[in-house]
Amino acid sequence: MGGRRMGRSHNQGARFFALLLALLPVCSPAFAAAAPSNDSPIVSDVVIDLPVEITDPALKIQLDEIEAKLILKPGEPYSRERVQEAVRDLYQRDVFQQIQVFVKKEAGTVALRIAPTLKTKVKEIVFEGRSELGESDLRSAVRMRPGDTLLADDLTRETMRLEAFCRRNGFTEAMVTASTAPSDEADKVIVRFAIDEGEPLAISSIEFAGDPYFPPKWLKRKFVARVGDTMSLDALADAIRGLKKNYREQGFEEASIDLADADESKWRESPLFMEGKVRLDIRAGRRVKVAFIGNNRYSPSELRRVLRLDAEEMLTYDYATLGRLKKTLTDFYLRQGYLHIAIRVTEEILATRDKRVVFHIREGTRVKLRDVRFAGSEAFDNRELKKELLASVRDQLAADEDDSLKPIAPGGLRWAVSSEEDRARAHPSRPITPYERPEDLDSDAIYIPEIYAEAVHALALFYREHGFLDAEIEGPELSFNETGQRLVLNYVVREGAQTFVQTLRIAGVDDSRYGKVAKLVSIAPGQPLNDLIFEDIVKSIRKYYAAVGHIYAEADISYTLTPDREQAAVLVAVREGPEVRVGEILVAGLVTTKIDTVKEELTFEEGDVYSPNEMEQSQRWLGKLGIFQSVTLNPWNAEKEEEVKKVLINAIERKQGRFELSGGLATDDGLRSEMLFVYRNLFGLALEYHLNVKANHRIPALLDPQFAALYDDLPFYDSLERQVSTGFYYPSIRGSHIGLRTDLVHLRRQERAYGLDKNSTIVSFDTELFRRLTLVQANEFAYLDSKHTTLSALRDDEIVPPDGLRWEYSPKFQAVYDYRDSLFNPTKGFIVTGLLEYFETLAGDTDSDILRGSGSLAGYVPIPLMRRPIVLRLTGKSGAIANFSELETDVDKRFKLGGRTSLRGFGEDAVYPADLDQNQIVQIQRDDLPSPGGDAYVLFKLDLRVPVYKTYYAGAFLDSGNLWIQPSRMDLRLDRYKNAAGGGLHYRTPVGDLSVEIGWNLKPDKRLNEDSWRLHFSISLF
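The opening residue of the sequence shown carries number 1 in my numbering; numbering runs sequentially from there.
See the structure below:
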């Protein structure tokens, strides 16, 4: 073990600090723990002893920086607190596993020896010897991950987890041995788990014990596990769940099914389990029949839904469960307006194996709340107090997410049982008067005692907001009319004195900040005293001071009342504290990422005024790098008030590699597939490499006959549409928060009107402003080969664009402002997109000089009629092309309408321009020619998405739009648009989405061979 003195050149380096801290042990008579005294000794020397030689240059540089900034230096007075602070400082740097400090006292001086041990991290986890168990399953079974710190007991714990995982999957004799091996990095090791699985234990027999009720033949048919299957507890658990479901379907709702000797800790002691014998202890119990008596207004099926009796989980109809069900049913009736509801639950054991649970319901009449009255109120009239009370009631009801308690339409008189005895015991049916119908009673017309009791507290707060500090509200007292169907609530109010602010004093604020603080204090003499806003004012003051570096500022608001409690003197006391500046910036948790990559993204540096806003902004920029699973910025030792604070950045890195395969089927694309490979954080610089391959092949049966014939004649390589892109993305160029992306792209498209091959290089820049505004500037250099197919027959002199080979340059600018609440499933907000593109031919068979602009606005409006809101989406899109050349616009640049993603009810790209002349229309009708597209378009879409069940959504839509060859001929009158309406069903699953929609062309133009309707579907599979 070598020694090293502060200030000398060093020749060894390992310095990793971490979790354990052993401070000031006494190791020999020569070394003794020194405590501070009145005459504190001076630190004469500080030596760091390191256990191994460090050869990593980067680590040596890091250690040099740490040593230079060690806060404990020779010549300082010695104290235990100072040593503890130095150790905490070293620990926060995430370098050592354990730190020991030894103290030697000699002639009024103290020599310190710091002995750290290396923190060891996991570089890689390797599984050896496995055969049946998959590596992905084994990795999910352990909690250790690359980059984790390896602690003393980690290998033992992970070994136990792996052996338990093997046992659960039938490998009862599996043995796991863990070891570590050095890696090419001094502070990291490779963890190896050697797994000797042994032979899997197979199920030798299946026995059904206990009281199963059903014969073995039925049980074996319903229990999906079979003799010879691997003895996997997870698979057996799934089989038991399926068997329980079958019992439930037969009415045995209380049935219990247990696997004998399923305790993992006692497997080796169980002869039954070790021999592969599966024994199910089944107690079928009694067949439970749930009946409702007296339910004149709601059918048994509706009440079962309220009680969730048809849920998958088993119920035990014990005393506690019956009490809970009774309360749920009572709450439901109360929320339908049945104030006098009374429910009694009984159990009846029948002579056979059956048991009947009966809910005896006395509904009574529905009660309508007619009025709410307040006696004793002088400051507010009855109308204002009633408004406040009912507002609180509505808020409470809106916050209740239990759909089963929402009002439902009455089911009429549907008897739960058919015996004459039960009919006689039930209350006779009463006619339903108009105001008793559930749909006629809104939340303001139904009295629910517990809701109104809470609303009284809200009313007391309303009085306090207006200076009535002692206000009390008693009640309500209920009064009914002679029929008992109308209710009036009577409250008694004792207001007490109303307190006003007499004087306001703000103390402890510097003159330069007094004006700002005074504006934050929303209290003025003459106003009613509202102490409920004091907490918000204090938060505003502290937030203001934190923004200017006074993060330890404190504020307190107090008041003194006059004897009559009508006047108050308010004091706002502020303690500003010191202006705090940023000290050393510490970074912990990095495995691959370089420290400079993190520091370049920060919006502050050492010496700046400490600002929580800057910390939050820096955290957001670090998150946008895309390489961290989480990242936090906090002051070190935040509780301690200091003028200079170190900043500790804790980061957890994401997995670097990502690989995805997906496929699907759609009416427009046909069969499609996609492969995506992304590798993040190359060289620790947040640099990303990506490769994306998309391919699709249309299905001729889904195409029109002419396009299908064309598609069949193409060679497979030409008919296989594809896009291959590969390149790099640097999310922030040297901390500028401007991203740089480079891509090489190969594109093949085959439309009915043309075929296009394009190879291009794209260089783009992106940045984000104001959090929601994204700007992108892209530059594309492309080589294109465009060939017309069926398009060339349509009057070359009018609308046929050029084709052939060309080199092209295209700069683009895009702006996106996204104010939606969700990126993938928005329910409210809006998104605005604008795109401006310029296309110029550099060389080739054509001469393009085109400026194309387009934009869209989509808004989302939630309609809260259900637990999950109905969402209305309104979309508007438009675009226009300015062509500065003498030739027509290139066909691949024109706008197209029609199909699943634009104007539904029409074929893909099948909408013809509105400004075709009669000769062109005749030729289209005669030759069935495709649409050439247009240089301008307008599209409006209205979509309604209604949640149906779990991840099923029903949808309805109305689309309207058109396009024109000449933008100058655009006609924005609505009666000139193509219109379509329809609906469909959408199903979202964890492995993909399925969407089926039918659109109807509301006014087909037979001159252009337009269809009356179209089916659009899309299936995504992973």
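Here a beta-carbon is modelled for each residue, glycine too, at the ideal position from N, C-alpha and C.
Chain-order list of residues whose beta-carbon lies under 8 Å from that of Ser618 (same chain, five-residue window excluded): Glu601, Leu602, Thr603, Phe604 and Leu633
Return the CA-CA distance between Ala284 and Lys245, expressed in angstroms with no decimal places. 12 Å
Nearest to Ala115 by alpha carbon, out of Ala174, Tyr952 and Val87? Val87
For Ser856 versus Thr827, is the C-beta distance shorter than 8 Å? no
Assigned secondary structure, Glu642 (DSSP; H/G/I helix, E/B strand, else coil): coil
Beta-ladder partner(s) of Tyr817, from DSSP: Leu773 and Val832
Suppose the cutoff is 6 Å on Cβ atoms and the five residues either side in sequence are ignored; what does the same chain contact list for Gly859 look like? Phe830 and Leu874
Does Asn962 pass the burial test, meaning 16 or more other C-beta atoms within 10 Å, or should it be called exposed? buried
Would you mind giving the Cβ-Cβ distance between Met231 and Ile203, rounded to the nearest angstrom? I have them listed as a contact below 8 Å. 5 Å
Taking the runs of the beta strand (DSSP E) that are 3 residues or longer, which of them lie wholly in the segment 235 to 312? 256 to 259, 277 to 283 and 287 to 293
So, with DSSP's three-state summary, where would you put Asn962? strand
In three-state terms, what does DSSP make of Ser419? With a pLDDT of 40 at Ser419, under the threshold of 50, the modelled position of this residue cannot be trusted; read the value that follows with caution. Three-state DSSP puts Ser419 in coil, outside helix and strand.
Quick check on Ile99: buried or exposed, where buried means 16 or more other Cβ atoms within 10 Å of its Cβ? buried
Check for me: the alpha helix (DSSP H) holding Asn613 runs from which residue to which? Pro612 to Lys624
I need the boundaries of the alpha helix (DSSP H) containing Asn169, first residue and last residue. Premise fails: Asn169 is in no alpha helix (DSSP H) and is neither H nor E.
Grab the span of the alpha helix (DSSP H) containing Ala1024 for me, first residue to last. Lying outside 1 to 1022, the shown extent of the chain, residue 1024 is not represented and no answer is given.
Could you give the DSSP three-state label for Val26: helix, strand or coil? Low confidence applies here, because Val26 scores a pLDDT of 34, under 50, leaving its location unreliable; read the following figure in that light. Reduced to three states, the DSSP call for Val26 is coil.
Exposed or buried, which one is Gln918 when buried takes at least 16 other CB atoms within 10 Å? exposed
Mark Met615 as exposed unless 16 or more other C-beta atoms lie within 10 angstroms of its C-beta, in which case mark it buried. buried
For Val678 and Ile627, what's the separation of their Cα atoms in angstroms? 12 Å
Taking the straight line between their C-alpha atoms, what separation do you get for Gly853 and Pro811? 12 Å
I need the DSSP call for Ala981, collapsed to helix, strand or coil. strand
Counting only runs that start and end within the segment 138 to 223, where is the beta strand (DSSP E) found for 3 or more residues in a row? 175 to 182, 188 to 196 and 205 to 211
Quick check on the burial criterion: 16 or more other C-beta atoms within 10 angstroms. Buried or exposed for Tyr545? buried
What alpha helix (DSSP H) runs, 4 residues minimum, are completely inside the segment 885 to 973? 918 to 927
Proximity winner among Glu535, Ser512, Leu504 and Phe534, relative to Pro1036 (alpha-carbon distances): No statement about residue 1036 is possible, as the shown extent of the chain runs from 1 to 1022 and does not include it.
From the DSSP output, in three-state form, read off Glu674 for me. strand
Tell whether a beta-carbon distance below 8 Å holds between Ser930 and Ala753. The sequence given here has Pro at residue 930, not Ser. Contact flag set, yes.
Residues in the same chain with beta-carbon distance under 6 Å from Thr841, minus the five sequence neighbours each way, listed in chain order, please. Arg806, Glu808, Asp847 and Ser848
Given Asp892 as reference, the closest of Asp909, Phe957, Glu642 and Asp718 once Cα atoms are compared: Asp909
Thr483, DSSP secondary structure in three states: coil
Do you know how far the Cα of His737 is from the Cα of Val572? 42 Å
From Asp258, Gly879 and Val996, pick the residue whose C-alpha is nearest to that of Arg900; which is it? Val996
Apart from the five residues just before and just after Ala793, which ones in its own chain have a Cβ nearer than 7 Å to its Cβ? Below a pLDDT of 50, predicted positions are generally treated as unreliable, and Ala793, at 44, falls in that range; no measurement from the model is reported.
Going by C-alpha distance, which of Tyr952, Leu487 and Gln925 is nearest Lys1006? Gln925
Assigned secondary structure, His457 (DSSP; H/G/I helix, E/B strand, else coil): helix
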